[in-house]
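J.:
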Amino acid sequence: MKRRRNSKLKFEEPSDQSPTTTADFTFTLTRLAVSQICQSIGYKATDSSALNTLTVTTTKFLQSLAGLASSFSNAANRTESNLFDVVNGLQDIALSTSDCFPGGSTVHDVESHCLIKSAVVRNLSDFVKYAPEIPFAKPLPRPERDGSSSGRDLDHEAVTVTRSVEYVPAWLPPFPDASLYSDRCTKDGSDHLWENSVTVIDRENLMDSLKSESCRGRKSGRLPQRRARVRFKMERDCSDGDTRWRQDNDAESGRDVEVKKKIIEEYIHCAGEWPI
Amino acid sequence: MNHGQQSGEAKHEDDAALTEFLASLMDYTPTIPDDLVEHYLAKSGFQCPDVRLIRLVAVATQKFVADVASDALQHCKARPAPFVKDKKQQKDKRLILTMEDLSKALREYGVNVKHPEYFADSPSTGMDPATREE
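Taken in sequence, the protein lines are chains U and G.
Everything in the first sequence is counted per my numbering, starting at 1 for the first residue and increasing by one.
Everything in the second sequence is counted per my numbering, starting at 1 for the first residue and increasing by one.
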């Protein structure tokens with residue numbers, strides 16, 4: 001006697017490939033949920049390509065709904081979405097997916113404040129009332145939660161760092177592990193004066209070492225404390241006979257005159273006359 | 001005055017209905033787990049500490065998938081079945097989700113899916129070995 005085969009939903013699943021990344025893992029979970037929904041509708045089997053396509057569509061639906069809700073909340077100067085944002089997102093998706101619902105022309109009507117009047121919400125309410133409950137096939141591993149509602153729980157590199165700083169938003173990535181810190185930067189809470197702090201004392205020691213180096217005459221790349229003064233004087237050349245300009249050759253040394261002439265000659269050769 | 005009272009009562013009833021619906025979401029377990037939904041929502045920048053909204057999104061997604069699958073099933077049932085001698089085989093293998101039905105169903109929702117044609121190397125590629133020998 002032939003054993004009657006149980007009508008199970010079967011789909012092609014590659015046996016060698018296990019989800020390696022987070023995206024593959026979440027996609028596999030989504031595919032399981034979608035296959036359960038298809039089975040509840042009445043399907044006995046699915047093509048793998050059809051199931052994958054429906055799963056991708058489901059993920060796109062989720063992401064588009066989330067994007068719409070977050071954009072509505074951002075438009076209202078908020079970072080956290082509320083029920084109004086979600087319902088507006090649902091209505092926009094329903095309108096864009098040709099899922100016409102009564103009241104679609106007065107979606108953003110000012111008078112209808114209550115959201116339950118929206119046909120989309122009423123349809124969902126009826127779905128929750130009458131549709132059979134289909135829990136997920138297998139329980140998901142639950143890592144330790146630290147109170148945040150982010151989606152990091154499905155990440156293979158789940159971080160279990162407890163947030164000690166409350167003012168840091170939950171959606172930011174966590175701080176690195178304390179064991180990776182190279183040097184503990186602890187603020188000295190003592191009441192001693194700033195002049196006696198470690199940074200000032202170290203700076204003073206550095207200055208002393210530099211002074212001692214300059215006395216020894218070592219060239220350390222720094223200018224010495226005492227150095228000869230350099231004086232520059234720029235004047236127009238009066239060798240053409242123009243008596244307007246004052247000749248100031250009396251107090252100059254021979255070296256200064258030569259430098260001045262050289263500068264003048266170079267400038268005339270390059271650009272022309274100096275502006276007054 | 002009376003009209004204002006009636007509208008106030010209606011609003012109160014609507015608020016109560018909405019509150020009841022949100023409370024019922026906590027009792028209903030959607031097929032898509034909350035953690036999975038939270039992951040996809042976080043990917044798109046959705047941030048909300050209220051679990052009821054996560055459940056609402058999960059229920060909406062489940063309803064969307066169910067609607068698409070049911071439309072595809074209608075297309076599958078409406079298609080005339082090929083002549084098969086074994087009636088049992090005909091009943092068992094008929095209800096299979098195929099790309100053809102799924103693309104027709106998704107087209108109504110604004111999603112265009114086209115299964116690309118594939119080209120075989122020879123006429124007998126993909127056939128069973130028994131039929132290939134014949």
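Backbone N, C-alpha and C fix where the C-beta goes; we use that ideal spot for every residue, glycine too.
Is the CB of G:Tyr28 under 7 Å away from at least one CB in chain U?
T.: Numbered from 1 along the second sequence, position 28 holds the residue referred to as residue 28 of chain G. G:Tyr28 counts as touching chain U.
J.: Looking at the C-beta of U:Lys44, does it have a partner C-beta in chain G at a distance below 7 Å?
T.: One-based indexing of the first sequence puts residue 44 of chain U at position 44. Yes, U:Lys44 counts as interfacial toward chain G.
J.: Please report how far the alpha carbon of U:Gln63 lies from the alpha carbon of G:Lys43, in whole angstroms.
T.: As a working mapping, residue 63 of chain U is identified with position 63 in the first sequence. As a working mapping, residue 43 of chain G is identified with position 43 in the second sequence. Cα to Cα, the separation comes out at about 7 Å.
J.: Show which residues of chain A have a CB atom less than 8 Å away from the CB atom of U:Glu80.
T.: No chain A appears in the structure shown, which is made up of the protein chains U and G.
J.: What is the C-beta distance between G:Val51 and G:Asp27, in whole angstroms, given that I count them as a contact (C-beta under 8 Å)?
T.: The residue you call residue 51 of chain G lines up with position 51 of the second sequence. The residue you call residue 27 of chain G lines up with position 27 of the second sequence. No, G:Val51 and G:Asp27 are not in contact; Cβ-Cβ is about 12 Å, not under 8 Å.
J.: Indicate whether at least one CB of chain U lies closer than 7 Å to the CB of G:Thr125.
T.: Looking up residue 125 of chain G in the second sequence gives position 125. Output row for G:Thr125: interface = no.
J.: So G:His115 is in the alpha helix (DSSP H); what residue range does that whole segment cover?
T.: Counting from 1 along the second sequence, the entry for residue 115 of chain G is found at position 115. Element bounds for G:His115: n/a, residue is neither H nor E.
J.: Once you ignore the five residues that flank G:Ile54 on each side, which residues in its own chain have a CB closer than 8 Å to its CB?
T.: As a working note, residue 54 of chain G is residue 54 in the second sequence. Only Asp34, Val37, Glu38, Leu41, Cys48 meet the Cβ criterion.
J.: Could you check whether the stretch 91-110 of chain G touches the stretch 51-58 of chain U, counting it as contact only if at least three pairs of C-beta atoms, one from each stretch, sit closer than 8 Å?
T.: They touch, by the three-pair rule.
J.: If you draw a straight line from the alpha carbon of G:His115 to that of U:Thr46, how long is it in whole angstroms?
T.: Residue numbering aside, residue 115 of chain G sits at position 115 when the second sequence is read from its first letter. Residue numbering aside, residue 46 of chain U sits at position 46 when the first sequence is read from its first letter. Distance between the alpha carbons of G:His115 and U:Thr46: 15 Å.
J.: Please classify U:Asp202: is it buried, with 16 or more other beta-carbons within 10 angstroms of its beta-carbon, or exposed?
T.: Along the first sequence, one-based indexing puts residue 202 of chain U at 202. When all chains shown are included, U:Asp202 counts as exposed.
J.: With DSSP run on the structure shown, which of helix, strand or coil describes U:Ala45?
T.: Your numbering for residue 45 of chain U matches position 45 in the first sequence. Residue state, collapsed to three classes: strand.
J.: Which residues mark the beginning and the end of the alpha helix (DSSP H) in which G:Met99 is found?
T.: In the second sequence, counting from the first residue as 1, residue 99 of chain G sits at position 99. Residues 99-107.
J.: Can you grab the Cα-Cα spacing for the pair U:Tyr130 / G:Lys63, in whole Å?
T.: Locating residue 130 of chain U in the first sequence gives position 130, where the first residue counts as 1. Locating residue 63 of chain G in the second sequence gives position 63, where the first residue counts as 1. Straight-line Cα distance between these residues: approximately 12 Å.
J.: Going by DSSP, what residue range makes up the alpha helix (DSSP H) through U:Ser96?
T.: Counting from one through the first sequence, the residue named residue 96 of chain U turns up at place 96. Residues 83-96.
J.: Under 7 Å, CB to CB, which of the residues in the stretch 69-82 of chain G have a partner in chain U?
T.: Those would be Ala69, Ser70, Leu73, in chain order.
J.: Which residues mark the beginning and the end of the alpha helix (DSSP H) in which U:Phe136 is found?
T.: Counting from 1 along the first sequence, the entry for residue 136 of chain U is found at position 136. Unbroken run through U:Phe136: none, as it is neither H nor E.
J.: Determine the extent of the alpha helix (DSSP H) in which U:Asn123 is found, giving its start and end residues.
T.: By one-based count along the first sequence, residue 123 of chain U stands at place 123. Taken as a continuous stretch (DSSP letters only), the alpha helix (DSSP H) holding U:Asn123 covers 119-130.
J.: Does the distance from the C-beta atom of G:Val68 to that of G:Ala105 stay below 7 Å?
T.: Within the second sequence, residue 68 of chain G is the residue found at index 68, counting from 1. Within the second sequence, residue 105 of chain G is the residue found at index 105, counting from 1. Against a cut-off of 7 Å, the Cβ pair of G:Ala105 and G:Val68 comes out as a contact.
J.: Please list, in chain order, the chain U residues whose beta carbon lies closer than 7 Å to that of G:Phe176.
T.: Past the boundaries of the shown model lies residue 176 of chain G; chain G is included only from 1 to 134, so the question cannot be answered.
J.: At which residues does the alpha helix (DSSP H) containing G:Glu38 begin and terminate?
T.: Against the second sequence, residue 38 of chain G aligns to sequence position 38. Note, G:Glu38: alpha helix (DSSP H), 34-43.
J.: Measuring alpha carbon to alpha carbon, tell me which residue in U:Ala137, U:Met234, U:Leu124, U:Asp85 is nearest U:Val34.
T.: Stepping through the first sequence from its first residue, residue 34 of chain U is reached at position 34. Measuring from the Cα of U:Val34, the nearest candidate turns out to be U:Ala137.
J.: Please determine, among U:Met234, U:Lys211, U:Arg31, U:Gly42, the residue with the shortest C-alpha to C-alpha distance to U:Leu223.
T.: The count along the first sequence starts at 1 and reaches residue 223 of chain U at position 223. For the residues U:Met234, U:Lys211, U:Arg31, U:Gly42, the minimum Cα distance to U:Leu223 belongs to U:Lys211.
J.: From the DSSP secondary-structure annotation, give me the bridge partner or partners of G:Ile96.
T.: For the purposes of this step, residue 96 of chain G is identified with residue 96 of the second sequence, where counting begins at 1. Bridge partners of G:Ile96: U:Ala45.
J.: Between U:Thr21 and chain G, is there a C-beta pair that is closer than 7 Å?
T.: The sequence position of residue 21 of chain U within the first sequence is 21, counting from 1. Output row for U:Thr21: interface = no.
J.: For U:Ser73, collect the residues of the same chain with a Cβ closer than 6 Å to its Cβ; drop the 5 residues on either side in sequence, then sort them by chain order.
T.: Residue numbering aside, residue 73 of chain U sits at position 73 when the first sequence is read from its first letter. Taken in chain order, the residues that qualify are Ser81, Asp85.
J.: In the DSSP assignment, find the unbroken alpha helix (DSSP H) run with G:Gln74 in it and report its ends.
T.: Counted from its first residue, the second sequence places residue 74 of chain G at position 74. Taken as a continuous stretch (DSSP letters only), the alpha helix (DSSP H) holding G:Gln74 covers 51-78.
J.: Pick helix, strand or coil for G:Gln47, following the three-state DSSP scheme.
T.: Along the second sequence, read from residue 1 onward, the residue named residue 47 of chain G stands at position 47. Residue state, collapsed to three classes: coil.
J.: Please classify U:Gln91 as buried or exposed, where buried requires at least 16 neighbouring CB atoms within 10 angstroms.
T.: In the first sequence, residue 91 of chain U corresponds to position 91, counting from 1. With 16 or more Cβ atoms within 10 Å of its Cβ, U:Gln91 is classed as buried.
J.: If I'm right that U:Gly89 touches U:Leu68 with Cβ under 8 Å, what's the distance once you round it to whole angstroms?
T.: As a first step, residue 89 of chain U is located in the first sequence; it is residue number 89 there, counting from the start. As a first step, residue 68 of chain U is located in the first sequence; it is residue number 68 there, counting from the start. Indeed they touch by this definition, with Cβ atoms about 4 Å apart.
J.: Is the CB of U:Ser53 under 7 Å away from at least one CB in chain G?
T.: In the first sequence, counting from the first residue as 1, residue 53 of chain U sits at position 53. What sits at residue 53 of chain U in the sequence shown is Thr, not Ser. Yes - at least one Cβ of chain G is within 7 Å of the one on U:Thr53.
J.: Taking the Cβ atom as the reference point for each residue, do G:Pro30 and G:Ala72 lie within a distance shorter than 7 Å?
T.: Looking up residue 30 of chain G in the second sequence gives position 30. Looking up residue 72 of chain G in the second sequence gives position 72. For G:Pro30 and G:Ala72, no; Cβs fall outside 7 Å.
J.: Taking 7 Å as the CB-CB cut-off, is U:Val56 touching chain G?
T.: For the purposes of this step, residue 56 of chain U is identified with residue 56 of the first sequence, where counting begins at 1. Chain G contact via Cβ: absent.
J.: Less than 7 Å between the beta carbons of U:Leu65 and U:Ile93, yes or no?
T.: Translated into the one-based positions of the first sequence, residue 65 of chain U becomes position 65. Translated into the one-based positions of the first sequence, residue 93 of chain U becomes position 93. Cβ distance < 7 Å, so U:Leu65 and U:Ile93 count as in contact.
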